[in-house]
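Residue numbers (my numbering), protein chains in the order written: chain A, 4 to 197; chain B, 5 to 378.
Everything on this sheet refers to the single structure shown next.
In structure tokens, the structure reads:
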């Protein structure tokens with residue numbers, strides 16, 4: 004049975020995420036706070052996991068991503084391209100994980116891990132979308148040359164990226180589990196303990 | 005003018021990502037033309053100029069990077085392409101943000117047959133200022149409750165929980181409002197019920213007094229010589245726990261056990277209970293005997309009925325045959341929006357027994373005039 008609630012939840016939780024992105028995210032970006040992207044992505048995961056635990060409907064998580072993208076464009080008055088690519092990829096990955104795991108805890112853990120892992124990859128994804136595949140290769144080559152200039156040998160870019168992705172996967176998995184638990188508390192608070 | 009600008013904008017987006025060297029620049033020209041047609045001030049705004057400068061800087065860096073590894077000509081081509089694409093998207097996003105509101109969004113989504121997405125985005129647009137304010141209020145409330153001038157980092161999970169719960173409540177209210185306003189795009193097709201009567205939904209938390217309110221309302225209606233038919237579902241409570249339900253026929257007073265608590269995982273219809281067909285039969289007979297023009301009562305309408313089973317077929321038949329002046333349903337709060345969407349009544353009154361001091365009086369005020377029994 005479908006009713007309006009999965010979609011109104013997508014709208015409201017997406018708005019909550021967008022309000023954090025537009026106010027807090029802008030502030031953190033302006034202040035050049037390290038890893039602010041990961042911080043904002045964590046809040047996004049929290050909103051998506053909670054909405055999905057309250058209303059386990061397929062497609063609602065992706066709809067949340069569209070809501071955030073839409074509000075970011077409209078209230079920020081312009082397109083923050085990098086952030087929009089990141090938001091949509093996070094929503095898509097969580098949607099896939101939740102749909103595959105039927106909106107259960109493993110879905111939150113896998114989805115959270117994948118969503119956070121995209122944060123270090125966003126720069127490469129952005130380059131790929133707007134400047135094509137050879138720009139990514141050029142970025143890699145430039146970073147290797149820079150590393151060699153500093154005296155660092157080996158596959159600098161890929162290794163660094165792999166470490167970052169691995170770290171974010173681990174943190175994202177833990178975050179997904181924490182968000183699932185917090186979502187349970189929110190559900191008990193809203194609906195009462197059954 | 006606006007239609008031409010829309011065509012130019014769509015063309016610009018398509019061209020921006022076309023695999024031709026000159027395509028991004030042609031796309032940029034189209035985007036600028038669209039902006040000049042509907043919002044020339046946009047191109048002169050400080051924010052747009054700042055964003056365009058940033059796009060230019062990013063493009064120069066990308067071009068330089070590619071030139072370093074692939075040659076100057078390739079770097080120049082790529083740099084121009086990147087600037088064209090980013091500038092097109094920045095201009096069009098700025099243009100859209102100044103020219104789209106909730107009404108236009110709904111109209112556009114309806115034209116594109118994406119009505120549900122349009123409603124979601126419109127709701128988000130309207131809820132945004134409210135939720136931004138909610139952040140501030142929750143932050144202050146948290147500080148006040150903890151007797152501190154400002155909350156600490158350790159308070160953040162509590163703040164998040166408060167805000168998420170608030171968003172969930174607003175979402176529930178919005179769903180209820182959407183159902184009442186007949187936004188069928190949000191829900192499954194409504195049931196085919198002829199001449200939908202006045203629908204009164206009595207809701208409230210489990211054990212909050214829904215059945216008691218329905219029983220009192222039925223008695224009050226009978227006192228006013230209004231025919232009442234249907235059934236109540238009385239809980240069987242043992243040691244403070246609901247272990248089953250009894251169906252009570254409002255006209256004959258007959259009773260029969262409907263449901264008994266099942267072992268974990270052994271419940272029927274996705275519930276924790278085992279059902280007795282004799283209970284359903286008594287409820288069906290109670291509904292079948294409803295006189296024409298009476299008030300029909302059906303208590304504890306739940307997920308089984310939402311899936312089209314349980315008491316729903318008998319209730320539908322009673323609504324067709326008896327043409328009741330009003331239907332009174334006892335429904336859990338979380339299922340109210342779904343039921344309103346499914347039954348699609350012309351008018352509906354939702355009475356929450358947790359929030360209404362005299363639920364019976366509220367229902368009587370809605371139902372009695374329909375029967376000409378003021």
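All residues carry an ideal CB built from backbone N, CA and C; glycine is no exception.
At a CB distance below 9 Å, what residues from the segment 38 to 61 of chain A approach chain B? Give them in sequence order. 46, 49, 50, 53, 54, 57, 58
Interface partners of residue 43 of chain B on chain A, CB under 8 Å: Within the second chain, numbered from 1, the residue matching residue 43 of chain B stands at position 39. The contacting residues do not exist; residue 43 of chain B stays about 12 Å from chain A at best.
From the DSSP output, in three-state form, read off residue 293 of chain B for me. Residue numbering aside, residue 293 of chain B sits at position 289 when the second chain is read from its first letter. Three-state DSSP puts residue 293 of chain B in coil, outside helix and strand.
Of the residues A:176, A:14, A:22, A:21, which one's Cα is nearest the Cα of residue 112 of chain A? Working through the first chain from its first residue, we reach residue 112 of chain A at position 109. Here the closest residue by C-alpha is A:176.
Name, in chain order, the residues that DSSP records as bridge partners for residue 317 of chain B. Here residue 317 of chain B refers to the residue found at position 313 of the second chain. Paired residues: none, contrary to the question.
Contact set between the segment 316 to 330 of chain B and chain A, restricted to residues whose Cβ is under 7 Å from the partner: none
Can you give me the Cβ contacts of residue 49 of chain A inside the same chain, cut-off strictly under 6 Å, excluding the 5 residues immediately before and after it? By 1-based counting over the first chain, the position of residue 49 of chain A is 46. Excluding sequence neighbours, residue 49 of chain A sits near 182.
Are there 16 or more other CB atoms within 10 angstroms of the CB of residue 359 of chain B, so buried, or fewer, so exposed? Numbered from its first residue, the second chain carries residue 359 of chain B at position 355. Looking at its Cβ environment, which holds fewer than 16 other Cβ atoms inside 10 Å, residue 359 of chain B is exposed.
Which same chain residues, not among the five before or five after residue 138 of chain A, have their C-beta less than 6 Å away from its C-beta? The count along the first chain starts at 1 and reaches residue 138 of chain A at position 135. Correct list, in chain order: 130.
Contact criterion: CB-CB distance below 8 Å. Does residue 127 of chain B meet it with respect to chain A? For the purposes of this step, residue 127 of chain B is taken as the residue at position 123 of the second chain. So yes, residue 127 of chain B belongs to the interface.
Residues of the segment 160 to 186 of chain B whose Cβ lies closer than 7 Å to any Cβ of chain E, in chain order: Annotation note: the requested chain E is absent from the structure, which comprises protein chains A and B.
List the endpoints of the continuous alpha helix (DSSP H) containing residue 227 of chain B. For the purposes of this step, residue 227 of chain B is identified with residue 223 of the second chain, where counting begins at 1. From DSSP, the alpha helix (DSSP H) with residue 227 of chain B extends over 214 to 227.
By the three-class DSSP mapping on this structure, what secondary structure does residue 191 of chain A have? Locating residue 191 of chain A in the first chain gives position 188, counting from the first residue. Here residue 191 of chain A sits in helix by DSSP.
Quick one: which residues of the segment 128 to 147 of chain A get their C-beta closer than 8 Å to a C-beta of chain B? List them in chain order. 130, 133, 134, 135, 137, 138, 140, 141, 142, 144, 145
Spell out whether any CB of chain A is found under 8 Å from the CB atom of residue 66 of chain B. Counting from 1 along the second chain, the entry for residue 66 of chain B is found at position 62. Yes, its Cβ sits closer than 8 Å to a Cβ of chain A.
Taking 8 Å as the CB-CB cut-off, is residue 8 of chain A touching chain B? Here residue 8 of chain A corresponds to residue number 5 of the first chain, with the count starting at 1. Judged by the 8 Å Cβ criterion, residue 8 of chain A is in contact with chain B.
Is the beta carbon of residue 175 of chain B sitting closer than 8 Å to the one on residue 12 of chain A? Counting from one through the second chain, the residue named residue 175 of chain B turns up at place 171. Counting from one through the first chain, the residue named residue 12 of chain A turns up at place 9. Contact flag set, yes.
When you compare each of B:171, B:148, B:143 to residue 160 of chain B by their alpha carbons, which one comes out closest? Along the second chain, read from residue 1 onward, the residue named residue 160 of chain B stands at position 156. Checking every option, the nearest Cα to that of residue 160 of chain B belongs to B:143.
For the segment 67 to 77 of chain A against the segment 106 to 122 of chain A, do three or more pairs of beta-carbon atoms, one drawn from each stretch, fall closer than 8 Å, so that the two count as touching? no
Closer than 7 Å by beta-carbon distance: list the chain A residues that pair up with residue 74 of chain B, in chain order. Residue 74 of chain B sits at position 70 when you count from the first residue of the second chain. Those within 7 Å of residue 74 of chain B in chain A are 137, 141.
Please report the Cβ distance between residue 19 of chain A and residue 167 of chain B, rounded to the nearest whole angstrom; I am assuming they are in contact, meaning their Cβ atoms lie under 8 Å. Walking along the first chain from the start, residue 19 of chain A turns up at place 16. Walking along the second chain from the start, residue 167 of chain B turns up at place 163. About 6 Å; that satisfies the 8 Å criterion.
Would you say residue 180 of chain A lies against chain B (beta-carbon separation less than 8 Å)? Against the first chain, residue 180 of chain A aligns to sequence position 177. So, not an interface residue.
CA-CA distance, residue 14 of chain B and residue 98 of chain B? One-based indexing of the second chain puts residue 14 of chain B at position 10. One-based indexing of the second chain puts residue 98 of chain B at position 94. Their backbone Cα atoms lie some 14 Å apart in a straight line.
How about the segment 70 to 88 of chain B and the segment 18 to 37 of chain B: do they share at least three Cβ pairs that are nearer than 8 Å? yes
For the putative contact between residue 74 of chain B and residue 141 of chain A, defined by C-beta atoms under 8 Å, what is the C-beta separation to the nearest angstrom? Working through the second chain from its first residue, we reach residue 74 of chain B at position 70. Working through the first chain from its first residue, we reach residue 141 of chain A at position 138. With a Cβ gap of about 6 Å, residue 74 of chain B and residue 141 of chain A count as contacting.
So that I know if they touch, is there some Cβ in chain A lying closer than 8 Å to that of residue 132 of chain B? Counting from one through the second chain, the residue named residue 132 of chain B turns up at place 128. Yes, its Cβ sits closer than 8 Å to a Cβ of chain A.
Where does residue 43 of chain B fall in DSSP's three states? Locating residue 43 of chain B in the second chain gives position 39, where the first residue counts as 1. Coil at residue 43 of chain B, not helix or strand.
Could you tell me whether the Cβ atoms of residue 206 of chain B and residue 355 of chain B are closer together than 8 Å? As a first step, residue 206 of chain B must be located in the second chain, where it is residue number 202. As a first step, residue 355 of chain B must be located in the second chain, where it is residue number 351. The answer is yes: Cβ separation under 8 Å.
Kindly provide the ranges of any alpha helix (DSSP H) runs that are 4 or more residues long and lie completely inside the segment 39 to 70 of chain A, ordered along the chain. 39 to 57
Output, in chain order, the set of chain B residues within a Cβ distance shorter than 7 Å of residue 92 of chain A. Residue 92 of chain A sits at position 89 when you count from the first residue of the first chain. Those within 7 Å of residue 92 of chain A in chain B number zero; the least Cβ separation is about 17 Å.
Looking only at its own chain, which residues have a Cβ that is under 7 Å from the Cβ of residue 8 of chain B, when we skip the five neighbours before and after it? Taking the first residue of the second chain as position 1, residue 8 of chain B is located at position 4. Same-chain partners within the cutoff: 41.
Considering only residues of the same chain and omitting the five flanking positions on each side of residue 305 of chain B, which have a CB-CB separation below 6 Å? Position 301 of the second chain, counted from the first residue, corresponds to residue 305 of chain B. So the qualifying residues of the chain are 333, 335.
Look at the alpha carbon of residue 378 of chain B and the alpha carbon of residue 226 of chain B, and state the distance between them as a whole number of angstroms. To locate residue 378 of chain B, count along the second chain from 1; it is residue 374. To locate residue 226 of chain B, count along the second chain from 1; it is residue 222. Confidence at residue 378 of chain B is low in this model, with a pLDDT of 40, below 50, so the placement of that residue should be treated as unreliable; the coordinate-derived value is given next. So the two alpha carbons sit approximately 13 Å from each other.
On the DSSP bridge list, what partners appear for residue 332 of chain B? Translated into positions along the second chain, residue 332 of chain B becomes position 328. Residue 332 of chain B pairs with B:204, B:301.
Return the first residue and the last residue of the alpha helix (DSSP H) that residue 105 of chain A is part of. For the purposes of this step, residue 105 of chain A is identified with residue 102 of the first chain, where counting begins at 1. Looking at the DSSP string, residue 105 of chain A is not in any alpha helix (DSSP H), and its letter there is neither H nor E.
Please report how far the alpha carbon of residue 50 of chain B lies from the alpha carbon of residue 167 of chain A, in whole angstroms. The residue you call residue 50 of chain B lines up with position 46 of the second chain. The residue you call residue 167 of chain A lines up with position 164 of the first chain. Whole-angstrom Cα-Cα distance: 37 Å.
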